[in-house]
Each structure stands twice: as structure tokens, then as C-alpha cells.
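Undergrad:
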Amino acid sequence: MFEKTQKDFKIIPQIKITSPKWLKVVFFGSFAPLIIVGIIYFYSLNQEEQLRAKKENLTAQIVALETNPENQEAKESFKDLSLRINDFGSLFDSHQSPSKFFQVIRNFCHKSIQLTSLNLNTKDLAATFSGVADNFTALSEQLLILKNQENIVNPKISGIKLGKDGKITFDLSLNFDPVILQKQEDE
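Once you know that position 153 of the sequence shown is 153 in the UniProt record's numbering, the rest is easy, because the numbers rise by one and skip nothing.
1. Run through the region 10-91 for me and flag every whole alpha helix (DSSP H) of 4 or more residues, listed as ranges in chain order.
2. Closest by CA to residue 160, which one among 143, 49, 11?
3. Rounded to whole angstroms, what is the Cα-Cα separation between residue 11 and residue 19?
4. Would you list, in sequence order, the uninterrupted beta strand (DSSP E) runs of no fewer than 3 residues that lie entirely inside the region 87-173?
5. Taking 8 angstroms as the cut-off, does the region 132-147 touch the region 79-86 (at least 3 CB pairs, one atom from each stretch)?
6. Measuring CA to CA, which of 177, 145, 31 is closest to residue 123?
7. In whole angstroms, what is the alpha-carbon distance linking residue 147 and residue 155?
8. Within this structure, are the beta carbons of residue 157 and residue 172 separated by less than 7 angstroms?
9. Ordered along the chain, which non-local residues of its own chain (more than five positions away) have a Cβ less than 6 angstroms from that of residue 209?
10. Using the beta-carbon count (16 or more within 10 Å), is residue 170 buried or exposed?
11. Considering only residues of the same chain and omitting the five flanking positions on each side of residue 151, which have a CB-CB separation below 8 angstroms?
12. Would you call residue 113 buried or exposed, if buried means 16 or more other Cβ atoms sit within 10 Å of its Cβ?
13. Let me check understanding here. Comparing Cα to Cα, which of 110, 15, 43 lies closest to residue 139?
Here it is as C-alpha cells:
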């Protein structure tokens, strides 16, 4: 009896509902950004672990180098050497070259003037000359030349005397700009 009833019932076929293809593409396409974000997340975690391990390794190496007594001695030696180099650099930068003063005087000395003695004081930036001039005109022209120079300050002539041979002896004092004694960059 039971068998007969099962055969008598017929199942009503149901209409299969199908979704449009574009909906399937959108549905499965929406998983793509999620998958990409997941891949990036796990890749970033892996990179972070690698960088942490690298940092720990480098930190251990730095600590080992800092605690090594040979490196401490080398560090102190380099520090002393660095101080010496810096001292030498400042000494070299402040070096004065008195020979440049002679070049300046040669350029501005009148052709009728002979300088017989020189006292150069580089600390006070002063110079004192003794000289002989052929005549008063040459002496006054020399004074005008020196007064017109921007690197020469306060030239003064004193002790003017007429010599036996008709030439004029004099003393010349002046101050000068420290730029005259400084080294040039092109040297």
C-alpha cells in the first residue's frame, strides 16, 4: 500500500529561477577587492616581521660594536684626530700671508719714491716706512695715491727732512685692512 501511493504522487516541476549574468559577475567581482586587500594585509605582516628581525639583528650588531674594547679605543682615537683636524682647519683659515702686503705696496708705490725700511705689525694691522723721495711733488702724489686706496687706512707722513743730495727723507705710517693679509681662494 505504501508503494502505490508514492508512485501516484507526481512532483510538480518548479520553474528554475536564473539570475542575470551581469549580477553573477558583479557578485563574484565584489570578492576581488576583498581578496586583494587580504593579500596586501598578509604581505605587509610578512614584511613587518622581516623588518623587525632585521632591526633586532642590526641593534645587536651595534651593541656588540659599541661594547668591543678595540672599537672604543678606535672611537677615542678618531675623536682626537677629528679635533686635531678641526684645529688645523681653523688655524689654516686664519693664516695670514704678510708677503701679500708687499704686492699691495708695489702696486701703489710712486715711481720716484724709494722705501728704505719697513716695520710691519700684523697684529695691529699697521706699517711704518722710511723712504726717500726725489721731490715734494712725488711725496704729495704718493700720499694722495695711498689715501685713495680702499685697503689703506689713515696714511700719515712725518719726519720730513731735506737730505744733502737734495732728496727728501720721510717717515710714513699707515693702517691697513686685514683683507690684504688673508689668503685668496684661487691660491
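C-beta: ideal position from N, C-alpha, C; glycine also.
Computed from a predicted structure; not experimentally measured.
TA: Reading off the structure:
1. Counting whole runs of 4 or more residues, the region 10-91 contains the alpha helix (DSSP H) stretches 21-29, 31-67.
2. Here residue 160 is taken as the residue at index 160 of the sequence shown, counted from 1. Taking residue 160 as reference, the option from 143, 49, 11 with the minimal CA-CA separation is 143.
3. Numbered from 1 along the sequence shown, position 11 holds the residue referred to as residue 11. Numbered from 1 along the sequence shown, position 19 holds the residue referred to as residue 19. Distance between the alpha carbons of residue 11 and residue 19: 24 angstroms.
4. Fully enclosed beta strand (DSSP E) runs of 3 or longer: 113-121, 126-133, 152-162.
5. Too few Cβ pairs lie closer than 8 angstroms, so no.
6. Looking up residue 123 in the sequence shown gives position 123. Residue 177 holds the alpha-carbon nearest to the alpha-carbon of residue 123 among 177, 145, 31.
7. If you number the sequence shown from 1, residue 147 lands on position 147. If you number the sequence shown from 1, residue 155 lands on position 155. Looking at the two C-alpha atoms, the distance is approximately 6 angstroms.
8. By one-based count along the sequence shown, residue 157 stands at place 157. By one-based count along the sequence shown, residue 172 stands at place 172. The Cβ atoms of residue 157 and residue 172 lie closer than 7 angstroms to each other.
9. Any answer about residue 209 is impossible in this case: the structure gives the chain only from 1 up to 187.
10. Taking the first residue of the sequence shown as 1, we reach residue 170 at position 170. For residue 170, the number of other beta carbons within 10 angstroms of its own is at least 16, and it is reported as buried.
11. Numbered from its first residue, the sequence shown carries residue 151 at position 151. Setting aside the 5 residues that flank it on each side, residue 151 is surrounded in the same chain by 104, 176, 177, 179, 180, each with a C-beta closer than 8 angstroms to its C-beta; the list follows chain order.
12. Indexing the sequence shown from 1 puts residue 113 at position 113. Buried: at least 16 other Cβ atoms inside 10 Å.
13. Within the sequence shown, residue 139 is the residue found at index 139, counting from 1. Closest by alpha carbon: 110.
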